[in-house]
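In order, the protein sequence lines correspond to chains A and B. The first sequence begins at 1 in the UniProt record's numbering and counts up one residue at a time. The second sequence begins at 1 in the UniProt record's numbering and counts up one residue at a time.
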Amino acid sequence: MRDRGPLVTSLAAFTLLTTLSACSTPEDPTAGAEGGAAGTFDAGAAGLEGEPVRIGISMPLSGDFSEPGIGVRQGYETWAAMVNESGGLLDRPVELVFRDDASDPNKVVSDYESLITQAKVDLVFGPFSTRLVIPAAEVAESYDMLFVEPAGASDEVFEQGFEYLFYAAPAVASDHYDNLADYIEKLPADERPRTAAYASLDDPFAQDTAYGLKDRMEAAGVETVADEVYPPGTTGFTAIAARIADTDADLVVGGTQFEDSVGLVRGFQELGYQPRMAAFSTGPTIPEFEEAVGGATEGIISPVGWSPSADYGQNADFVARHTELHGAPPSEDAANGFTTGEVVAAAVEEVGCAEQGRKCQKALADHIRGAETETIVGPLRFDEQGRPQSAHLIQQWQADGPEIVLPDDDARTGDLVHPKAEW
Amino acid sequence: MPSLSLLAQGLALGVLTGGVYALLASGLTLYFGVMRVVMVAHPAFLFLAAYITYFLHAVTGMDPLLTAVITVPLFFLLGVGIQRVLVARIPQESLAMMSVLLTFSLALLIEGGLGYVATGSYRSITVDYATTSLHLFGVAFPYDRLIGFGLAAATFIAIFAVLRLTRLGKALRATIQHPDAARLVGIDTAKVTGIGFGIGLATAALGGAVLSIIDPFFPAAHWDYIGKLMAIIVVGGLGSVRGAAIAALILGTIEAVVQVSGGATEAGLMFYAFLFATLLLRPQGFFGGRLAERF
Numbered sequence: 001m002r003d004r005g006p007l008v009t010s011l012a013a014f015t016l017l018t019t020l021s022a023c024s025t026p027e028d029p030t031a032g033a034e035g036g037a038a039g040t041f042d043a044g045a046a047g048l049e050g051e052p053v054r055i056g057i058s059m060p061l062s063g064d065f066s067e068p069g070i071g072v073r074q075g076y077e078t079w080a081a082m083v084n085e086s087g088g089l090l091d092r093p094v095e096l097v098f099r100d101d102a103s104d105p106n107k108v109v110s111d112y113e114s115l116i117t118q119a120k121v122d123l124v125f126g127p128f129s130t131r132l133v134i135p136a137a138e139v140a141e142s143y144d145m146l147f148v149e150p151a152g153a154s155d156e157v158f159e160q161g162f163e164y165l166f167y168a169a170p171a172v173a174s175d176h177y178d179n180l181a182d183y184i185e186k187l188p189a190d191e192r193p194r195t196a197a198y199a200s201l202d203d204p205f206a207q208d209t210a211y212g213l214k215d216r217m218e219a220a221g222v223e224t225v226a227d228e229v230y231p232p233g234t235t236g237f238t239a240i241a242a243r244i245a246d247t248d249a250d251l252v253v254g255g256t257q258f259e260d261s262v263g264l265v266r267g268f269q270e271l272g273y274q275p276r277m278a279a280f281s282t283g284p285t286i287p288e289f290e291e292a293v294g295g296a297t298e299g300i301i302s303p304v305g306w307s308p309s310a311d312y313g314q315n316a317d318f319v320a321r322h323t324e325l326h327g328a329p330p331s332e333d334a335a336n337g338f339t340t341g342e343v344v345a346a347a348v349e350e351v352g353c354a355e356q357g358r359k360c361q362k363a364l365a366d367h368i369r370g371a372e373t374e375t376i377v378g379p380l381r382f383d384e385q386g387r388p389q390s391a392h393l394i395q396q397w398q399a400d401g402p403e404i405v406l407p408d409d410d411a412r413t414g415d416l417v418h419p420k421a422e423w
Numbered sequence: 001m002p003s004l005s006l007l008a009q010g011l012a013l014g015v016l017t018g019g020v021y022a023l024l025a026s027g028l029t030l031y032f033g034v035m036r037v038v039m040v041a042h043p044a045f046l047f048l049a050a051y052i053t054y055f056l057h058a059v060t061g062m063d064p065l066l067t068a069v070i071t072v073p074l075f076f077l078l079g080v081g082i083q084r085v086l087v088a089r090i091p092q093e094s095l096a097m098m099s100v101l102l103t104f105s106l107a108l109l110i111e112g113g114l115g116y117v118a119t120g121s122y123r124s125i126t127v128d129y130a131t132t133s134l135h136l137f138g139v140a141f142p143y144d145r146l147i148g149f150g151l152a153a154a155t156f157i158a159i160f161a162v163l164r165l166t167r168l169g170k171a172l173r174a175t176i177q178h179p180d181a182a183r184l185v186g187i188d189t190a191k192v193t194g195i196g197f198g199i200g201l202a203t204a205a206l207g208g209a210v211l212s213i214i215d216p217f218f219p220a221a222h223w224d225y226i227g228k229l230m231a232i233i234v235v236g237g238l239g240s241v242r243g244a245a246i247a248a249l250i251l252g253t254i255e256a257v258v259q260v261s262g263g264a265t266e267a268g269l270m271f272y273a274f275l276f277a278t279l280l281l282r283p284q285g286f287f288g289g290r291l292a293e294r295f
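Okay, structure coming up:
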């Protein structure tokens, strides 16, 4: 009566299908928040005369990247408001022209085409995420438009031979831990970690961060005793933690997002593994981290691209004005948007032009390539391919919350504690 | 080669995690056993339970496991309701396929609803027993997984006791073995089926409470479990409660041992390797007999 053959087969097929889709896109757990329509942003240019400098931007205001997209957009808006309040660009008011690309690479191309050829904007700023940055940069390149972008940190962005592209953040992924690597290399021999264990999500960005540090550590003679890679969608990290705990490495490095950093820390606690130094990408910088690991945060190190407390340039003004304008403190995405504006504005003021055409745009790009710009993430310089040449700040959780412990400059708010407290 | 102590640790974690998998999958075998329903939404209900546990814990300060006193009856009633109002309306001849579609839509509804009400951000419950372990012979047995294992064992014993020792259990088994004959001898199979579905969903309430103390969760987290749990019930023999428990223990153990000796990517593949092997070699599952002989 009950022939279960076809049923079992269809069930199996379904199982595989859902698993595959779950693997490829674990939906961004933080997505959501307000929607936002395309349009122009009048940044309160009262009192400024003259033709506005119009800046075209396509943004993922809906779809997969909408949450960071909205953050970047707000950063752009804060930048425009602050520029207009202090006299504009070349004494002209700034006007932002937004298009919503719905996180779609095809839409982002047509958006920039129409911004440049029909809306005839004077300048363009970049969208969010590597997936959208590359197609958008190709359009900008073909029209000889300067293309400073707030996202797209992975290596492939800089391997396309773009002439006009610059990434307005302190460092590409593999350089995130550079300040920590410098610190470890300078430690006296008896305090330096002798062994290191690495665990990373199978994702280009997460892996680049962990392996950037791994390359530096191996060159400095720190032996790699474990190198674990786990696929997206992994549930349960205790067995992976067991493998690392078994090596009893002095230094543990996680190329993590969020649940994996929490799972590893909890696993290490359960197994009684106490490394002398522990560093995780992303996870510990997310507000929910402290609660998720039950307060066992002390001593954990992370790279951060921007800190609200850092004493760089107009950072304090940015945080205050942004909070006033948008009703909430800025995110790192917003800071990246603001930094993009700062890099372009410095070039425009220095070169003295903001208009389409190879002459002006190339002069802007050449200027950025040669100059050092003071920004809210510190002084920024770029290499020939547009890679920023700084490094991320290093944050460490301490008794009173996260402190910036490296590098040893204006941004620092505390001293790095090594070896870390037990968790 | 991993050291012996690491292998022992992997084995211990694997058996305990397998127990948790068994608890998570136990409801799936009941749905299939009593009514041939492939319940894709079961993991979504697990996380719905985890969220309810979270909010009960946050608002009242109740121990997350104690909240089962509220969530288990709630989910039982919800299960009976879903069966009577939705599943019972699907015609018998298209039940297998349509139930996948229906419960898939339920999963999407739950995920969307959780995202709307609780936002997409991560939630986690930390109780002081969640990050400590019992240390025996140099092997750590994490308390959260020991609790999950214990609850799984208790759940299976309870399900067996109901099926074996009660009149309801007899009626359930009769309905599973032959619904027409069961109706002929006077069993109200519609009612019994609803109760079976309710018991299945009640196990999701327990599973959700255990999940909530083990890992952080977010509305879309259930996708990572569908594949694993479905693989477990196919390997165990669809509809066999005992088979699913054995398969969960074995697959959980293999996963952890491969994780400590090979790698996490290979470990994740194990579930599907066994799924394929089962379909090729023994489509009725390795641990179930013929459907009529189950239980």
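Built from N, CA and C at the ideal position, the CB exists for glycine as well. As the structure is a prediction and not an experimental result, all values here were calculated from the model.
Reduced DSSP secondary structure (H/G/I, E/B, other) of residue i
i: Val38(B); result: coil
i: Ser66(A); result: helix
i: Thr224(A); result: strand
i: Ile404(A); result: strand
i: Val252(A); result: strand
i: Ala12(B); result: helix
i: Phe217(B); result: strand
i: Arg194(A); result: coil
i: Ile286(B); result: The sequence as given places Phe at residue 286(B); Ile does not occur at that position. Of the three classes helix, strand and coil, the one that applies to Phe286(B) here is coil, per DSSP.
Cβ of residue i within 8 Å of any chain A Cβ
i: Asp215(B); result: yes
i: Val162(B); result: no
i: Gly10(B); result: yes
i: Ala41(B); result: no
i: Thr265(B); result: yes
i: Tyr51(B); result: no
i: Thr126(B); result: yes
i: Pro64(B); result: no
i: Tyr129(B); result: no
N- and C-terminal bounds of the alpha helix (DSSP H) containing residue i
i: Met62(B); result: Where Met62(B) is concerned, there is no enclosing alpha helix (DSSP H), given that its DSSP letter is neither H nor E.
i: Ile368(A); result: Arg358 to Gly370
i: Glu270(A); result: Glu259 to Leu271
i: Tyr167(A); result: Run containing Tyr167(A): none in the alpha helix (DSSP H); it sits in the beta strand (DSSP E), Leu165 to Tyr167.
i: Pro105(A); result: Pro105 to Thr117
i: Ile57(A); result: Counting along the chain, Ile57(A) falls outside any alpha helix (DSSP H), though it belongs to the beta strand (DSSP E) covering Val53 to Met59.
i: Asp144(B); result: Tyr143 to Leu165
Boundaries of the beta strand (DSSP E) in which residue i is found, first to last residue
i: Trp397(A); result: Leu393 to Gln398
i: Pro204(A); result: No beta strand (DSSP E) holds Pro204(A); the alpha helix (DSSP H) holding it covers Pro204 to Ala219.
Whether residue i touches residue j by CB criterion (8 Å)
i: Pro43(B); j: Tyr225(B); result: yes
i: Val15(B); j: Leu249(B); result: yes
i: Val100(B); j: Val40(B); result: yes
i: Ile376(A); j: Leu393(A); result: no
i: Asp91(A); j: Pro60(A); result: no
i: Val85(B); j: Thr193(B); result: no
i: Thr339(A); j: Pro127(A); result: no
i: Asp122(A); j: Lys362(A); result: no
Beta carbon proximity, residue i to chain B, threshold 8 Å
i: residue 453(A); result: Any answer about residue 453(A) is impossible in this case: the structure gives chain A only from 1 up to 423.
i: Ala31(A); result: Annotation note: pLDDT 36 at Ala31(A) (below 50); position unreliable, no value reported.
i: Thr195(A); result: no
i: Asp246(A); result: yes
i: Gly272(A); result: yes
i: Gln269(A); result: yes
i: Ile240(A); result: yes
i: Phe166(A); result: no
i: Phe258(A); result: yes
i: Glu422(A); result: no
Contacting positions in the stretch 208 to 238 of chain A - beta carbon closer than 7 Å to chain B: From the stretch 208 to 238 of chain A, only Glu228, Val229, Tyr230, Pro231, Gly233, Thr234, Thr235, Gly236 and Thr238 have a Cβ closer than 7 Å to chain B.
Chain B contacts from the stretch 57 to 88 of chain A (Cβ-Cβ distance under 9 Å): Glu67
Residues, ordered as in the chain, of the stretch 290 to 322 of chain A that lie near chain B by beta-carbon distance below 9 Å: Glu291, Ala292, Val293, Gly294, Gly295 and Ala296
Contact residues within the stretch 402 to 414 of chain A, judged by C-beta distance below 8 Å to chain B: Within the stretch 402 to 414 of chain A, no residue qualifies.
Near-chain B residues of the stretch 103 to 131 of chain A - C-beta to any C-beta below 8 Å: none
Proximal residues, the stretch 222 to 238 of chain B versus chain A, C-beta separation under 8 Å: Trp223, Asp224, Tyr225, Ile226, Gly227, Lys228, Met230, Ala231, Val234 and Leu238
Within 8 Å of chain B by C-beta, residues of the stretch 369 to 389 of chain A in sequence order: none
Interfacial residues, the stretch 235 to 260 of chain B to chain A, with Cβ spacing under 7 Å: Cβ contacts with chain A come from Leu238, Ala256, Gln259 and Val260.
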